[in-house]
Amino acid sequence: MRLLVDAGNTRFKWRLEQEGIVIDEGWSALGTNAPLASIEGYLGAVSRVGVSAVIHEDIRLRLSSYLEQKVSGPVHFYWAEAQRFGLRNSYMDPRTMGADRWHGMYGAWKRYKCGCAVIDAGSAITVDYVNNSGQHLGGYILPGLKMMLKSLKNDAARIAFEEGEVSKAEPGINTAECVNQGLSWLSRAMIERVSKDVSELNLSQTLVTGGDAGRLFALGMKGAHHPSLVLDGLGYIDSEAFG
Ligand SMILES: Nc1ncnc2c1ncn2[C@@H]1O[C@H](COP(=O)(O)OP(=O)(O)OP(=O)(O)O)[C@@H](O)[C@H]1O
Ligand SMILES: CC(C)(CO)[C@@H](O)C(=O)NCCC(=O)O
Ligand SMILES: [K+]
1 MRLLVDAGNT RFKWRLEQEG IVIDEGWSAL GTNAPLASIE GYLGAVSRVG VSAVIHEDIR
61 LRLSSYLEQK VSGPVHFYWA EAQRFGLRNS YMDPRTMGAD RWHGMYGAWK RYKCGCAVID
121 AGSAITVDYV NNSGQHLGGY ILPGLKMMLK SLKNDAARIA FEEGEVSKAE PGINTAECVN
181 QGLSWLSRAM IERVSKDVSE LNLSQTLVTG GDAGRLFALG MKGAHHPSLV LDGLGYIDSE
241 AFG
């Protein structure tokens with residue numbers, strides 16, 4: 001049995017496979033002592049673990065020792081690379097790119113083998129562009145939707161509001177509307193911008209992943225929803241390493 005883990009800043013997402021077939025998939029909140037409690041019964045039978053991590057080193061080490069305790073086989077952490085299977089990183093120092101971005105792009109590249117935009121709407125939002133020949137053209141890192149609301153709450157003394165998931169984007173007439181509709185307005189601007197880039201750069205596919213992907217679709221995002229794109233890319237890479 002193989003276990004894949006996408007360890008993000010908000011959640012750990014995991015996938016359990018037996019001979020290439022997905023048996024179970026799920027997630028747990030960051031910071032629990034037993035991050036895979038719901039599948040602990042299986043862990044003894046896991047012969048290999050692949051992890052994509054963007055978490056703080058302390059938390060990564062804790063995850064690593066937890067897995068090594070519970071699992072019988074080796075635990076591999078996979079990082080961003082300079083290139084793989086025709087996909088080429090634009091970073092001078094590829095190891096400084098978040099592993100999730102590389103694994104998401106690789107999942108997209110293996111699946112479609114064409115120019116694509118990869119949007120990961122997680123704790124942070126990342127936008128990455130890959131052209132038809134596999135060259136990463138670069139990307140953007142933005143605060144995630146939750147993070148933006150949190151910073152308004154925490155860092156501005158007189159902005160008090162109830163969070164509401166709205167898709168209305170007209171100008172608000174009270175604090176809650178201004179904040180909630182402001183977020184939709186900003187998200188829509190990003191969505192329009194991505195769509196403009198995709199057509200100018202001649203990209204054929206837009207792939208969207210992350211906890212807030214649904215929210216972006218509700219706001220008009222066009223593209224394919226791949227909720228586990230990072231796990232997909234990680235799985236390909238682990239298979240290429242170990243068969
Ligand atoms: N049940 C949920 N728990 C936590 N966040 C959720 C949930 N459902 C949707 N979200 C949204 O998903 C976002 C987190 O997305 P996701 O779980 O993909 O992030 P992550 O992969 O942990 O973070 P990152 O990879 O950016 O470090 C939050 O900002 C939140 O708005
Ligand atoms: C941007 C996030 C937080 C998105 O999960 C992650 O990819 C990360 O920590 N990246 C490191 C910086 C970089 O990618 O250049
Ligand atoms: K992510």
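FYI, full-length UniProt numbering numbers position 156 of the sequence shown as 156, with every residue one higher than the one before it.
Every residue, glycine too, gets a C-beta built ideally from N, C-alpha and C.
Who are the Cβ neighbours of residue i in its own chain at under 6 Å, not counting the five residues just before and after it?
i, result
"Asp232", "Gly107"
"Asp6", "Lys13, Ser52, Val230 and Leu231"
"Gly182", "none"
"Pro35", "Phe12 and Ser28"
"Arg158", "none"
"Glu238", "The question names Glu, yet the displayed sequence has Asp at residue 238. Taken in chain order, the residues that qualify are Gly50."
Is residue i near ligand 5, judged by its Cβ being under 8 Å from some heavy atom?
i, result
"Ala218", "Ligand 5 is not among the ligands present in this structure, which contains only ligand 1, ligand 2 and ligand 3."
Taking C-alpha atoms, which residue in the options lies nearest to residue i?
i, options, result
"Ala53", "Gln83, Arg101 and Ala34", "Arg101"
"Glu200", "Leu61, Asn131 and Ala156", "Asn131"
"Met147", "Leu63, Arg111 and Asn180", "Asn180"
"Leu203", "Gly20, Leu36 and Gly115", "Gly115"
"Leu186", "His226, Tyr236 and Leu145", "Leu145"
"Asn9", "Phe217, Leu63, Gly139 and Gly164", "Leu63"
"residue 295", "Gly73, Gly98 and Tyr91", "In the structure as shown, the chain begins at 1 and stops at 243. Residue 295 is therefore absent and cannot be evaluated."
"Ala241", "Arg84, Leu216 and Lys150", "Arg84"
"Tyr236", "Gly50, Leu149, Thr96 and Gly26", "Gly50"
"Gly73", "Ile55, Thr96, Leu61 and Val46", "Val46"
"Gly26", "Thr96, Gly211 and Asn154", "Gly211"
Can you give me the Cβ contacts of residue i inside the same chain, cut-off strictly under 7 Å, excluding the 5 residues immediately before and after it?
i, result
"Leu16", "Met1, Leu3, Ile23, Asp24, Ile39 and Tyr42"
"Lys222", "Ser195 and Thr206"
"Ser184", "Val166, Ser167, Lys168, Ala169 and Leu219"
"Ala160", "Thr175"
"Pro94", "Ala80, Glu81 and Ala82"
"Gly104", "Val118, Asp120, Thr209, Leu229, Val230 and Gly233"
"Thr32", "none"
"Ile141", "Ala124 and Thr126"
"Leu152", "Ile159 and Val179"
"Gly164", "Ala176 and Asn180"
According to DSSP, is residue i part of a helix, a strand, or is it coil?
i, result
"Phe12", "strand"
"Arg88", "strand"
"Pro143", "strand"
"Ala34", "coil"
"Ala45", "coil"
"Glu19", "coil"
"Asn228", "According to the sequence provided, residue 228 is Ser. The question's Asn does not apply to it. It is coil, neither helix nor strand."
"Ser239", "helix"
"Gly50", "strand"
"Gly26", "strand"
Residues in the same chain with beta-carbon distance under 8 Å from residue i, minus the five sequence neighbours each way, listed in chain order, please.
i, result
"Arg88", "Ala82, Gly134, Gln135 and His136"
"Ile21", "none"
"Gly138", "Ser90, Asp128 and Tyr129"
May I have the straight-line CA-CA distance separating residue i from residue j, to the nearest angstrom?
i, j, result
"Thr126", "Val71", "32 Å"
"Gly86", "Ile173", "51 Å"
"Ala213", "Gly44", "33 Å"
"Gln69", "Lys113", "38 Å"
"Leu67", "Val75", "7 Å"
"His226", "Ile59", "26 Å"
"Arg48", "Tyr91", "29 Å"
"Gly122", "Gly243", "30 Å"
"Trp109", "Ser65", "32 Å"
"Val198", "Ala224", "14 Å"
"Leu216", "Ile191", "8 Å"
"Ala189", "Tyr129", "18 Å"
Between residue i and chain D, is any beta-carbon pair separated by less than 9 Å?
i, result
"Ala160", "Here chain D cannot be found, since the structure has a single protein chain."
May I have a chain-ordered list of the beta strand (DSSP E) segments no shorter than 3 residues that lie completely inside the region 53–110? 75–78, all fully within the region 53–110.
Which full runs of the alpha helix (DSSP H) of 4+ residues lie inside the region 139–224, going along the chain? Scanning the region 139–224 from its first residue to its last, the whole alpha helix (DSSP H) runs of 4-plus residues come out as 145–155, 175–200 and 213–218.
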